[in-house]
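Read through the structure below, which is laid out as structure tokens, and then see the notes.
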Amino acid sequence: MAPVAKVVQEKLGRPVMLMKDVVGPEVEAACSDPAPGSVILLENSRYYIEEEGKAKDAEGNKLKADPVKVKEFRASLAKLADIYCSDAFGTAHRAHSSMEGEGFPVKCGGFLLAKELDYFAKIIDSPVKPVCAILGGAKVADKILLIMNLLDKVDIMIVAGAWPSPSSRRPAWRLVARSMTKRVPSLCRRSSRRPPRREWI
């Protein structure tokens, strides 16, 4: 997190205390009674298996975190602050320790999170036609519900990133639908009934 600390310090114009860990006595001591206006940046929580609840060892074998240790890890995080503010819209759906905010007396969303939700609300509640949705990423399963909800609301859907096969000339939405046939059959049926005037790139 050292490069991040440097940028944050430049943006804020004040010193940033970079911790070498996420939890533990040293971190708790630094966060227990900081001077007003202090900025403390913790190390990346993903170095801990308790963050995501799973990991892989050096040989690629899947490991699962001990639920008791996950609970302890989250309790340690909750000792560090009075208010938990999440501004990570892209990972807000994940049940990771740093995203749950478990144990914090006050929890809220940040300005970026609010901005993203406002954009979604405009598309869903009062869209200005034509609407083009651009979807991408490697984890198709995480976006399937989003695709299903957008099918009847957009005029153009572009599926990019790792979803479509670069060597295929077939519409990307068909590839997505085919790959998820067993999990979400209704997506395939709904996609196949799309009016021909709609564009699927």
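Those letters in the sequence shown? Residues 1 to 201, by full-length UniProt numbering.
All C-beta atoms in this analysis are idealised placements derived from N, C-alpha and C, irrespective of residue type, glycine included.
Distance from Glu43 to Lys20 at the Cβ level is roughly 6 angstroms; contact confirmed, criterion being Cβ atoms closer than 8 angstroms.
Taking a cut-off of 8 angstroms on C-beta distances, the stretch 80-91 touches the stretch 102-116, as three or more cross pairs fall below it. Taking C-beta atoms under 8 angstroms as the contact rule, Lys64 and Gly53 qualify, at a distance of about 7 angstroms. Gly136 and Tyr84 have their C-alpha atoms spaced approximately 29 angstroms apart. Judged by DSSP in its simplified three-state form, Ser86 adopts strand. If you check the CB distance, Pro127 and Asp155 do not come in under 7 angstroms.
Here the alpha carbons of Ala55 and Gly103 stand approximately 24 angstroms from one another.
For the pair Ile124 and Val68, the Cα-to-Cα distance works out to about 40 angstroms. Judged by DSSP secondary structure, Ala5 falls within the alpha helix (DSSP H) whose first and last residues are Ala2 to Leu12. Using a Cβ distance threshold of 7 angstroms, Ser98 and Ser32 do not count as a contacting pair. Contact check for Leu18 against Ala35 fails: the beta carbons are separated by 7 angstroms or more.
When the beta-carbon positions are compared, Val7 and Val16 stay at least 7 angstroms from each other. In chain order, Ile124 place their CB closer than 8 angstroms to the CB of Asn149, counting only its own chain and leaving out the 5 sequence neighbours on each side. With a beta-carbon spacing of about 19 angstroms, Met157 and Ala121 fall beyond the 8 angstroms limit used to define contacts. Annotation: the continuous beta strand (DSSP E) that includes Lys64 extends over Lys62 to Lys64. Contact between Glu28 and Lys79 holds: CB atoms are separated by about 6 angstroms, below the 8 angstroms threshold.
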